[in-house]
Amino acid sequence: MNLETVTAVYSGNLRIGYGIIIAVMSFISSWCMTYCLACAGKEEFGKRAKRFVLLVIYALSSVILAGFFGRLIHWYSHYKSYESFSKAFENVSGRYHEAGIMFGFVVSAALCTLLSAKELRRKVMHACASGQMLFMTLVSLVSMFSDSDRGKAVITDPAYQGLPFSCITYLSDGSSQYRTAVFFWKFMLLGVITVISLILYFRGRSALETYVCYFAAMALLDSARYDASFLRSNGFVSLMQIVAGIFLIIALIICLIRSARTRGFHIYHVLFILAFLSGLSLTGYMEYYVQRHGNLYPYCYSIMGAACMAMVLSVIALHRRGYKIILEGEDDK
Numbered sequence: 009m010n011l012e013t014v015t016a017v018y019s020g021n022l023r024i025g026y027g028i029i030i031a032v033m034s035f036i037s038s039w040c041m042t043y044c045l046a047c048a049g050k051e052e053f054g055k056r057a058k059r060f061v062l063l064v065i066y067a068l069s070s071v072i073l074a075g076f077f078g079r080l081i082h083w084y085s086h087y088k089s090y091e092s093f094s095k096a097f098e099n100v101s102g103r104y105h106e107a108g109i110m111f112g113f114v115v116s117a118a119l120c121t122l123l124s125a126k127e128l129r130r131k132v133m134h135a136c137a138s139g140q141m142l143f144m145t146l147v148s149l150v151s152m153f154s155d156s157d158r159g160k161a162v163i164t165d166p167a168y169q170g171l172p173f174s175c176i177t178y179l180s181d182g183s184s185q186y187r188t189a190v191f192f193w194k195f196m197l198l199g200v201i202t203v204i205s206l207i208l209y210f211r212g213r214s215a216l217e218t219y220v221c222y223f224a225a226m227a228l229l230d231s232a233r234y235d236a237s238f239l240r241s242n243g244f245v246s247l248m249q250i251v252a253g254i255f256l257i258i259a260l261i262i263c264l265i266r267s268a269r270t271r272g273f274h275i276y277h278v279l280f281i282l283a284f285l286s287g288l289s290l291t292g293y294m295e296y297y298v299q300r301h302g303n304l305y306p307y308c309y310s311i312m313g314a315a316c317m318a319m320v321l322s323v324i325a326l327h328r329r330g331y332k333i334i335l336e337g338e339d340d341k
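The sequence shown lines up with residues 9 to 341 when you count with the working numbering.
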């Protein structure tokens with residue numbers, strides 16, 4: 009995410025870009041959603057006031073942690089773009105990495121959840137997760153005013169030179185070309201995940217399912233970017249894909265252990281594990297394949313999308329079997 013965008017507001021020597029405005033408005037919108045969800049229902053004024061204070065603390069800590077870790081991870085991957093480590097944190101404009109932003113959000117949400125009443129912790133955590141999805145959805149539009157989040161594919165057909173298919177990109181030599189508008193596809197896909205998160209919230213599901221959907225989507229979307237970040241020792245799989253893969257694997261293991269303890273180990277556990285490993289392997293293979301067959305982007309990313317979906321369904325299926333479901337499809341205990 010690049011907040012260095014075209015200037016929107018001039019006030020003397022002060023110049024505020026569209027990126028800062030969109031990011032601030034996105035955060036305010038996401039916090040309002042989090043507050044509405046976390047404080048839904050009839051409660052005593054004292055309890056509601058206490059939760060409001062917790063959510064204010066969550067907002068402040070998430071801004072600090074998300075900003076810090078977002079810039080830290082981007083500095084790690086692109087340290088040559090900064091004069092020094094300290095100068096990377098001198099101002100709020102510039103680039104941030106989505107993995108660091110989400111890490112800061114999740115840590116802040118976890119702290120807020122732990123400070124909440126025990127019977128409300130799952131509700132508060134899911135409210136935070138839904139708000140985070142809204143923020144990541146809206147802030148994707150920052151790339152409309154910057155050069156980030158563009159795809160590898162160059163669009164030459166005039167019929168597709170515009171949103172939602174492509175967006176103009178200016179090169180260092182002054183020329184321009186139309187590249188795939190990955191940020192817009194991200195906006196639409198994360199918008200769907202936000203809606204799914206709300207549905208899961210009202211059905212009393214866990215926030216883990218929201219995060220599983222998010223990281224699987226980012227594993228797919230980050231592959232399509234030409235400006236993705238990488239480990240210093242690796243230029244093949246992007247940093248976001250590594251983070252997403254690690255998260256999904258850890259989630260699978262936790263859900264498998266919980267499901268086995270709750271219901272015992274059954275043959276369907278093996279099937280879900282095989283489905284997940286098949287999806288993970290196919291995602292890795294298609295990442296290798298797409299880098300060598302640039303003319304097959306639609307085919308490669310369709311297969312990769314199906315593989316990511318297999319991982320999502322496997323983890324969620326194991327997760328739901330980790331609960332003792334009440335008969336007739338009621339909420340989890």
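The C-beta atom is built at its ideal place from N, Cα and C for all residues, glycine as well.
- Here GLY159 carries a strand assignment [DSSP, helix/strand/coil].
- Judged by DSSP secondary structure, VAL100 falls outside any alpha helix (DSSP H); it is assigned neither H nor E.
- In its chain, beyond the 5 residues on either side, ARG158, GLY159, LYS160 and ARG187 have a beta carbon closer than 8 angstroms to the beta carbon of TYR234.
- Rounded to whole angstroms, the separation of the alpha carbons of ALA252 and VAL220 is 9 angstroms.
- Here the alpha carbon of LYS194 sits roughly 31 angstroms from the alpha carbon of LEU279.
- About 25 angstroms separates the Cβ atoms of LEU11 and VAL200, ruling out a contact at the 8 angstroms cut-off.
- Going by DSSP, LEU247 is part of no beta strand (DSSP E) but of the alpha helix (DSSP H) stretching over 247–271.
- Under the DSSP assignment, ALA16 falls in the beta strand (DSSP E) whose first and last residues are 15–19.
- Residue burial is scored here from C-beta neighbours: ALA137 has at least 16 other C-beta atoms within 10 angstroms and is therefore classed as buried.
- Per the Cβ contact rule, the region 55–75 is not in contact with the region 204–219 (fewer than 3 Cβ pairs under 8 angstroms).
- Looking from the CA of ILE24, the closest CA among ILE254, MET248 and THR15 belongs to THR15.
- Taken through DSSP and simplified to helix, strand or coil, GLN140 comes out as helix.
- Taking C-beta atoms as the reference points, MET9 and ARG79 fail to come closer than 8 angstroms.
- For LEU179, the CB contacts under 8 angstroms within the same chain, skipping 5 residues up- and downstream, are GLN185 in chain order.
- A contact between stretches requires three or more CB pairs, one per stretch, nearer than 8 angstroms, and the region 46–58 fails this requirement with the region 90–101.
- Residue pairing for SER174: DSSP places it in a beta bridge opposite THR188.
- Partner residues in the beta bridge of ASN10, as assigned by DSSP, are ARG103.
- DSSP places GLY243 in the coil class of the three-state scheme, outside both helix and strand.
- When the beta-carbon positions are compared, CYS120 and TYR209 stay at least 8 angstroms from each other.
- Following the DSSP letters along the chain, one finds LEU22 inside the beta strand (DSSP E) bounded by residues 22–25.
- Per the Cβ contact rule, the region 296–316 is not in contact with the region 259–269 (fewer than 3 Cβ pairs under 8 angstroms).
- Inclusion of SER89 and ILE28 in the CB contact set at 8 angstroms is not warranted, their separation being larger than that value.
- Counting C-beta atoms within 10 angstroms of its own C-beta, HIS327 has 16 or more neighbours from the protein chains shown and is therefore classed as buried.
- Under the three-state reduction of DSSP, ARG329 is assigned to coil, being neither helix nor strand.
- By the C-beta density criterion, ASP230 is buried, having at least 16 other C-beta atoms within 10 angstroms.
- Note that the C-beta distance between LEU247 and SER85 is below 8 angstroms.
- Excluding five sequence positions before and after TRP83, the CB atoms of its chain that fall closer than 7 angstroms to its own CB belong to TYR90, PHE93 and ALA96, given in chain order.
- Residue environment: MET319 is assigned as buried (16 or more neighbouring CB atoms within 10 Å of its CB, all protein chains considered).
- Of the other Cβ atoms in all chains shown, fewer than 16 fall within 10 Å of the Cβ of ALA167; this residue is therefore exposed.
- Comparing alpha carbon positions, the residue from VAL298, LEU256, MET196 and ILE324 closest to LEU146 is MET196.
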